[in-house]
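Student: Under the numbering used here, residues 33 to 274 are what the sequence shown spells out, in order.
Quick one: structure below, then a few questions.
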Amino acid sequence: MPKKSTKMSGLQCLATENVWFDKQRYDDAEKCFYEGANGTVTKSSSHGGGDQELVSRMKGMELENQTLHKVVEEMRAALQKLELRVASLEKSPAAVTCTKAAPVKAAPVKVENGDDDDSDIDLFGSDDDEEAERIKQERLDAYAAKKSKKPALIAKSSILLDVKPWDDETDMGKLEECVRSVQMDGLLWGASKLVPVGYGIKKLQINCVVEDDKVGTDILEEELTKFEDYIQSIDVAAFNKI
């Protein structure tokens, strides 16, 4: 009977303890503790790495700054030298003009031998002058001969003429034959074609090449208008220099 009462009292004590019912809360607390500890270590290590990178970057910027300062000082010194040189040149313009002096001609050398006849001796004899003059004349003659052999440039022009008949009954073949019958020095007839004008009338469009010094448009029109039985009028459609 006493043993049974002892068992009951142990069970009653365990029943009053609630630690097993709050086990999840204790597990969560333990997990948060370890996570916080690990997070503090990681944060501190990352913070240390960031500080080291910042220090290295600051050192690099300091080196770059020193290099820039050195370059600026060198440029400043060069600029000061240039300013001093310009100022000195502006103050003394005569010194610049003096450098462009005329070439000095060689003067005849006088040799004194005690004889009055040989007192003056010209080292640059007249024979050399004659030889130089002869060579110069030969070169001029050769240039003139070469230039005379070069063919002169002949100015030419290309003319496009519109030759109009009287009516649609005009024989255009005969008209073209009359036009091409005009021959003169410096005139060369080219291609031709019939171009409709209207009401069945066609005009003859013909090309020719003329030498400007020998044939002009006035002379050409005067010769062509002699064929008044076939040609009513002549117009210059195009005129181009060749």
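C-beta atoms are modelled at their ideal positions from N, C-alpha and C, and glycine is treated no differently.
This structure is a prediction, so every number in the text was calculated from the model and none was measured.
Run the CB neighbour count on Leu-111, radius 10 Å, all protein chains shown included, and call it buried at 16 or more, exposed below.
Tutor: As a position in the sequence shown, residue 111 is number 79, starting the count at 1. It counts as exposed.
Student: I need the straight-line Cα distance from Arg-108 to Lys-168, nearest angstrom please.
Tutor: Numbered from its first residue, the sequence shown carries residue 108 at position 76. Numbered from its first residue, the sequence shown carries residue 168 at position 136. Each residue's Cα considered, the two are about 57 Å apart.
Student: May I ask you to report which of helix, strand or coil DSSP gives Ala-187?
Tutor: The residue you call residue 187 lines up with position 155 of the sequence shown. Three-state DSSP puts Ala-187 in coil, outside helix and strand.
Student: Just curious, the alpha helix (DSSP H) that Ile-251 is in, first and last residue?
Tutor: To locate residue 251, count along the sequence shown from 1; it is residue 219. Per DSSP, Ile-251 belongs to the alpha helix (DSSP H) from 249-256.
Student: Identify which residue in Glu-253, Pro-197, Thr-249 and Leu-256 has its Cα closest to the Cα of Val-227.
Tutor: Indexing the sequence shown from 1 puts residue 227 at position 195. With distances taken between Cα atoms, Val-227 lies closest to Pro-197.
Student: Taking just the CA atoms, how far does Val-104 sit from Gln-84?
Tutor: Locating residue 84 in the sequence shown gives position 52, where the first residue counts as 1. Locating residue 104 in the sequence shown gives position 72, where the first residue counts as 1. Using only the alpha carbons, I get a separation of about 30 Å.
Student: Starting from Gln-237, follow its DSSP beta bridges and name the residues at the other end.
Tutor: As a working note, residue 237 is residue 205 in the sequence shown. Its beta-bridge partners are Asp-194 and Lys-225.
Student: Under three-state DSSP, which class holds Gly-232?
Tutor: Within the sequence shown, numbered from 1, the residue matching residue 232 stands at position 200. Three-state result, Gly-232: coil.
Student: Does the Cβ of Tyr-262 have 16 or more other Cβ atoms within 10 Å, making it buried, or fewer, making it exposed?
Tutor: Position 230 of the sequence shown, counted from the start, is the residue given in the question as residue 262. Flag for Tyr-262 reads buried.
Student: Give the C-beta separation of Asp-244 and Lys-188 to the nearest angstrom, bearing in mind that I take them to be a contact with Cβ-Cβ under 8 Å.
Tutor: On the sequence shown, position 212 is the one that residue 244 refers to. On the sequence shown, position 156 is the one that residue 188 refers to. That belief holds up - the Cβ atoms of Asp-244 and Lys-188 are roughly 7 Å apart, short of 8 Å.
Student: If we count the other Cβ atoms within 10 Å of its Cβ and call it buried at 16 or more, is Cys-64 buried or exposed?
Tutor: Along the sequence shown, read from residue 1 onward, the residue named residue 64 stands at position 32. Counting Cβ neighbours within 10 Å, Cys-64 comes out exposed, since fewer than 16 surround it.
Student: Quick one, are the C-beta atoms of Phe-271 and Ile-186 less than 8 Å apart?
Tutor: Against the sequence shown, residue 271 aligns to sequence position 239. Against the sequence shown, residue 186 aligns to sequence position 154. Not in contact: Phe-271 and Ile-186 (Cβ atoms no closer than 8 Å).
Student: For the segment 199-217 against the segment 172-182, do three or more pairs of beta-carbon atoms, one drawn from each stretch, fall closer than 8 Å, so that the two count as touching?
Tutor: The segment 199-217 is not in contact with the segment 172-182.
Student: Helix, strand or coil: which one does DSSP assign to Val-103?
Tutor: Counting from 1 along the sequence shown, the entry for residue 103 is found at position 71. Three-state result, Val-103: helix.
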